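Residue numbers (our numbering), protein chains in the order written: chain H, 1 to 541; chain D, 1 to 399. Idealized CB from N, CA, C, for every residue including glycine. Since we're looking at a predicted model, the values are computed, not measured. Heads up: the structure comes next, in structure tokens.
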């Protein structure tokens, strides 16, 4: 999100899901949409099949949507900045960009122009493997659209150059005037039900709810008044990817973890496990005894989404109701009640009658949620920003101006991924999800039917690599990186392209993150899950 | 002064001077009532807009109308025959009757033909147990259940048979001898009960665009097939279940709830899906304090009734026996022991207070969650900042 915030002033999907069908051209990159956001992918597929819209897919795997795309460009792993710069090179050279938009709504164009000058289609082909002719055609297609939508996901962000990749996509969209219009936009697809809400509500080290900056004296004063206390810390805190190494050094003494399973989802798990064991006191509040909860000193049982009231904010910034349908098992309780009780015991009283009371307080202290009430979202959710009770919500962002006035072009240079293949580790590994499972599998793996469809970890490899490394379909192989190794069944698939393999990260017993690289993007602190170097070894019989 | 009923059925009196304005609008007469319609409306949509109920079987919102089932026929003044309202555009000054004797006779005939074709052993009159054919009894045995059709009481064909008082014995039964397919974890397909309305085919191809099923074979042998008449599990099907949600009869049913729970025994609670960030609106169907079934909320953004396999079928974690039910504390021997909330919360508060005193607030970190509610995230943010006095709060958006 840091990339979008730098370009536009706020980091969220600029347009709505329904808007996708209004685009003339849809560019999808780093999102295996039909497996990770199946219902959203239907909007894309309908636009292609029935709206006769053009689809460009740029992805290292031959994902299902590649079959719907008029153009599938296959980039080498970790080379996104290069192909996006290449597209802009073509668009500027052929004067296909939106001059009016660039002149009136943006700054930094000259630097961008100079920067992309050397990203000729031929130069880009050498880095990305995308044939120069294909890149030119894709650039013309995107630039020629009245409205073009960009959809992306973790395939762009989970790199050491993730922020750069996002800034580049923002550059491309601004260059062609695709912001503030229906069917346009730069649209990050959020992978978990309430990632958007967790960010919106101040679940980040540098901002309070509504992205109000930590350390800003006016904000500090406002929150201290609203919360009836003094002494709010003014120094931005640490990200999860910084806290874990500090635990390893003994500088982080305690973690309080709610509904997360970092001991499957963190990169370089072997290191993460050691870090957690160095903690003085670990509290885990969850619905299951996850791999992380098993290491805790205290485990607190919480209610799941079906057992409590509240709201989630979806990927298109729509605040929607969550309603209690059944009672929690045993003594399990909603997360907010547990935290309020601890707070009270620590000398600060937080007392709310129900979730709706909390939303009232949120609306008071959070400008973008100012107009959200349960009554208003009873039937249908509202898109933030929604500053007042009369405001209808904002489906499309940046219509007249950007959050910080003008949109900012960032001249971004291509940098290779942190780890590249060599003789010892000759294959690239990328990780992700399958349609039948979700994240670390703690929820989906409780449904027999989903396990029946997708029972175990696998490594997806191309025919060519299978031949090269003498691996048969369904054979168990060992996959090793510099950080660890796991075993999984080989799945020879047309989705894989020679030179790179794919492993889903749902399966704790063969956790892909034992292999992945914890190298971080310097700004967003997102680990490079999507590229590391590995080798395949036949399992001894 | 003119009067007309509009929209919600309220009688509106129109001053004379407005009449010229109204005359220029799109007006259609349905059952003697002047109704307004929007350009592009079919007769069916115009009728629904004006709260006139025209029954349908094959009509599927969001898909291209096929006019296949002929249930929605209406009489249009001046037309040579009855027209399918789902696929006929509404036109200004059109005069439509939706329940005229010809219309009713046509619908009865259509329903009788549908009932005579295949296994419809429900309580439509004269097709009760005494009249069951050997075939019907045999099919029931295959199902492992001697009772009525699993969709009994929740079947649009049965509803129509009741509504139009149609019996099932007018035409000689035509056996449809298809074995039940249940070799996948989620969906039971029973084509002996299929009426070939084509809604599942449209849902799969035009709504979800998974392109897994289509009409197969020809004429009397017509059947819905996947991948050259293979089992769903061996096709491109990804088990979104959209076909089950739109099936008007018992040809497609959720395996979990077939013969185990009836729709009127459950209460539907509208909520937001807990998986990916799309935020699909869904009903959790609850029976005896348990979620037994999930369906998509139609006519509501962002998903308009669609769900994916996880949202529709992946709800078993809610009632998993592995759920945590009591607070746990690690003992000196390294094992967990169950404890009370009071003891657990006291311990957490004491330890955190002590750590702050000894090492400072920034030696503590809070990981809040992308899966809990906004309200809970807000409380976690307040707890970290106002109580622990640290900004070390993050969640796994990065992971």
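Below 8 Å, enough C-beta pairs join the stretch 48-60 of chain D and the stretch 194-203 of chain D to call them touching: three or more. Here residue 71(H) has 56 and 138 as same chain residues with Cβ atoms under 6 Å from its own Cβ, once five neighbours each way along the sequence are excluded.
The residues 284 and 293, in chain order, have a CB closer than 6 Å to that of residue 299(H) in the same chain once the five nearest residues on each side in sequence are set aside. Residue 197(D) holds the alpha-carbon nearest to the alpha-carbon of residue 243(D) among 197(D), 342(D) and 50(D). For the stretch 371-445 of chain H, the continuous beta strand (DSSP E) assignments of 3+ residues that do not extend past its boundaries occur at 427-432, in sequence order.
Rounded to whole angstroms, the Cβ separation of residue 80(H) and residue 168(H) is 7 Å, and the two are in contact under 8 Å. 343(H) is the residue among 133(H), 274(H), 464(H) and 343(H) whose C-alpha sits nearest the C-alpha of residue 387(D).
Against chain D, the CB of residue 340(H) has a partner CB under 8 Å away; the residue lies at that interface.
Put simply, of 475(H), 254(H) and 380(H) the residue whose alpha carbon is nearest the alpha carbon of residue 349(D) is 254(H). Residue 250(H) sits exposed, since fewer than 16 C-beta atoms from the chains shown fall within 10 Å of its C-beta. If you draw a 10 Å sphere on the C-beta of residue 80(D), you find fewer than 16 other C-beta atoms in it, and that means exposed. Within the model, the alpha-carbon separation for residue 105(H) versus residue 96(H) is close to 17 Å. For residue 191(H), the closest of 212(H), 267(H), 210(H) and 157(H) by C-alpha to C-alpha distance is 157(H). For residue 83(H), the number of other beta carbons within 10 angstroms of its own is at least 16, and it is reported as buried. Inter-segment contact for the stretch 265-285 of chain D and the stretch 314-328 of chain H is present: three or more beta-carbon pairs are separated by less than 8 Å. Counting other Cβ atoms within 10 Å of its Cβ, residue 335(D) stays below 16 and is therefore classed as exposed. Within the stretch 196-208 of chain H, contact with chain D at the beta-carbon level (separation under 8 Å) is assigned to 196, 197, 198, 199, 200, 201, 202, 203, 204, 205, 206 and 208. Contact note: residue 111(D) does not reach chain H at a C-beta cutoff of 7 Å; the least C-beta distance is about 32 Å.
Under the 8 Å Cβ criterion, the stretch 310-327 of chain D does not count as touching the stretch 398-415 of chain H, having fewer than three qualifying pairs. Nearest in C-alpha terms to residue 132(H), of all of 112(H), 189(H), 73(H) and 513(H), is 73(H). Comparing alpha-carbon positions, the option among 339(H), 101(H) and 34(H) lying closest to residue 385(D) turns out to be 339(H). Within the stretch 22-41 of chain H, contact with chain D at the beta-carbon level (separation under 7 Å) is assigned to 36, 37, 38, 39 and 40. Across the structure, residue 508(H) and residue 270(H) are spaced so that their CA atoms are roughly 12 Å apart. Note on residue 77(D): under 16 other CB atoms within 10 angstroms of its CB, so exposed under the neighbour-count rule. Proximity of chain D to residue 98(H) at the Cβ level (cut-off 9 Å) is not reached, the minimal Cβ distance being about 29 Å. With respect to the C-alpha of residue 353(H), the residue from 346(H), 361(H) and 347(H) having the closest C-alpha is 361(H). The count of Cβ pairs closer than 8 Å, one atom from the stretch 523-533 of chain H and one from the stretch 411-421 of chain H, reaches three, so the stretches are in contact.
Going by C-alpha positions, residue 221(H) is about 16 Å away from residue 210(H). A straight-line Cα-Cα distance of about 5 Å links residue 152(H) and residue 29(H). Among the residues of chain H, none has a CB under 8 Å from the CB of residue 250(D); the nearest is roughly 20 Å distant. Between residue 537(H) and residue 477(H), the C-beta spacing is below 8 Å. Straight through space, the alpha carbons of residue 236(D) and residue 45(H) are spaced by roughly 15 Å. What residue 331(H) touches in chain D, judged by beta-carbon distance under 8 Å, is 325, 326, 327 and 341, going in chain order. For the pair residue 225(D) and residue 231(D), the Cα-to-Cα distance works out to about 8 Å. Neighbours of residue 203(D) in chain H, taken as residues at a C-beta separation under 9 Å, are lacking, since the least C-beta distance is about 10 Å. Put simply, the backbone Cα of residue 115(H) is about 31 Å away from that of residue 33(H).
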